[in-house]
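J.:
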Amino acid sequence: MRFKLLCCKALQREVASLIYACPHVIDVTMVRQRLHDTPKQLMLALQQEIDAVDSGDDVHTDQHESRPIDAILLGYGLCSNAIAGLSSSKYPLVAPRAHDCITLLMGSRAQYDEDFRIHSGTYYYTRGWYDLGALFLDDDLLRRKRQQYMDRFQDEDTVEYLMDVERDMLRNYRRMAHISWPNIPDDESIRSAQKTVGAKGWRFDRYPGNDRLLRQLLWGQWDDGEFLVVPPGQRIAPSYDDRIIKAVAE
0 MRFKLLCCKA
10 LQREVASLIY
20 ACPHVIDVTM
30 VRQRLHDTPK
40 QLMLALQQEI
50 DAVDSGDDVH
60 TDQHESRPID
70 AILLGYGLCS
80 NAIAGLSSSK
90 YPLVAPRAHD
100 CITLLMGSRA
110 QYDEDFRIHS
120 GTYYYTRGWY
130 DLGALFLDDD
140 LLRRKRQQYM
150 DRFQDEDTVE
160 YLMDVERDML
170 RNYRRMAHIS
180 WPNIPDDESI
190 RSAQKTVGAK
200 GWRFDRYPGN
210 DRLLRQLLWG
220 QWDDGEFLVV
230 PPGQRIAPSY
240 DDRIIKAVAE
């Protein structure tokens, strides 16, 4: 089979560690991680990629009549509704039933839910986020967030309210968990994480990653309890229940 994968660049090492052994042909486009800061822009960027694949004009994708694409895979969770509304006119879309990529890195929703239940104030980190300079627990995050909110709302009172919410969220963190996958060198990212938590007085844990969910996505093992398969012409929507996402008519 032949799949097109659209994936967050924060997962590039994990995805690369699986693709070399995958029995299927995986054509990959990695999308900028910082688009997560603006979910609507991320959704538009992903839809633009899907539309280009549908039309056969995507410069990142090798397409040929003799080797058609069987499905477009999304290496994303719902991610603040960033994948809500996505659709393909030509191919099935396949997305994990996950709120964010932490579930993909841990291997299951059950594993993520259990860790979150025990350690609710946890900031998760990986080598991929370190590579992209995404350890943002500092004033730079707040500066970027303020500018994003101001660009969007153009109202100082609204921006101040949202910034108070951001500061409250950061104050709730008490632990950093570095998710480490086998065969991915992460000494540098661990040192960076330990330096950050040391300055903040947090607890540091190294958490074993699990490739199970990403492997099933790439291998085409799409159990309905863990993956949504969206037929061509339908779109992804939040389900607001344990399924997380659902397919709806355009």
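Residue 228 in numbering that gives the first Met the number 0 sits at position 229 of the sequence shown, with consecutive numbering throughout.
From the three backbone atoms N, C-alpha and C, an ideal C-beta is built for every residue, glycine too.
When DSSP labels each residue in this structure, what does residue 53 get in the three-state scheme?
T.: Residue state, collapsed to three classes: helix.
J.: Grab the span of the beta strand (DSSP E) containing residue 8 for me, first residue to last.
T.: From DSSP, residue 8 is part of no beta strand (DSSP E); its letter is neither H nor E.
J.: Please report the straight-line C-alpha distance between residue 229 and residue 26, rounded to a whole angstrom.
T.: C-alpha separation (whole angstroms): 19 angstroms.
J.: Where do the ends of the beta strand (DSSP E) carrying residue 246 lie?
T.: Counting along the chain, the beta strand (DSSP E) containing residue 246 begins and ends at 244-248.
J.: Assign residue 157 to buried or exposed, taking buried as 16 or more other Cβ atoms, counted over all protein chains shown, within 10 Å of its Cβ.
T.: It counts as exposed.
J.: Residue 42 to residue 70, Cα distance in whole Å?
T.: Going from the Cα of residue 42 to the Cα of residue 70 covers about 18 angstroms.
J.: List the endpoints of the continuous beta strand (DSSP E) containing residue 96.
T.: From DSSP, residue 96 is part of no beta strand (DSSP E); its letter is neither H nor E.
J.: Looking at C-alpha atoms only, which residue of 222, 225, 245 and 223 is the closest neighbour of residue 233?
T.: The option with the nearest alpha carbon to residue 233 is 245.
J.: Buried or exposed, going by whether 16 or more other CB atoms sit within 10 Å of the CB of residue 96?
T.: Burial call: buried.
J.: Check the DSSP bridge columns for residue 70 and list the partner residues they point to.
T.: Looking at the DSSP assignment, residue 70 forms a beta bridge with 2.
J.: Residues in its own chain within less than 8 angstroms of residue 162 by CB, not counting five upstream and five downstream?
T.: Once the five neighbours on either side are set aside, the close Cβ partners of residue 162 are 141, 144, 145 and 148.
J.: Is residue 58 helix, strand or coil when you go by DSSP?
T.: Reduced to three states, the DSSP call for residue 58 is coil.
J.: From which residue to which residue does the beta strand (DSSP E) around residue 124 run?
T.: 121-124 is the extent of the beta strand (DSSP E) around residue 124.
J.: Give me the Cβ distance between residue 8 and residue 72, rounded to the nearest whole Å; I'm assuming they're in contact under 8 angstroms.
T.: Rounded, the Cβ-Cβ distance is 15 angstroms, inconsistent with contact.
J.: Taking the CB atoms as reference points, tell me whether residue 129 and residue 187 lie closer together than 8 angstroms.
T.: Yes, these two residues count as a Cβ contact at 8 angstroms.
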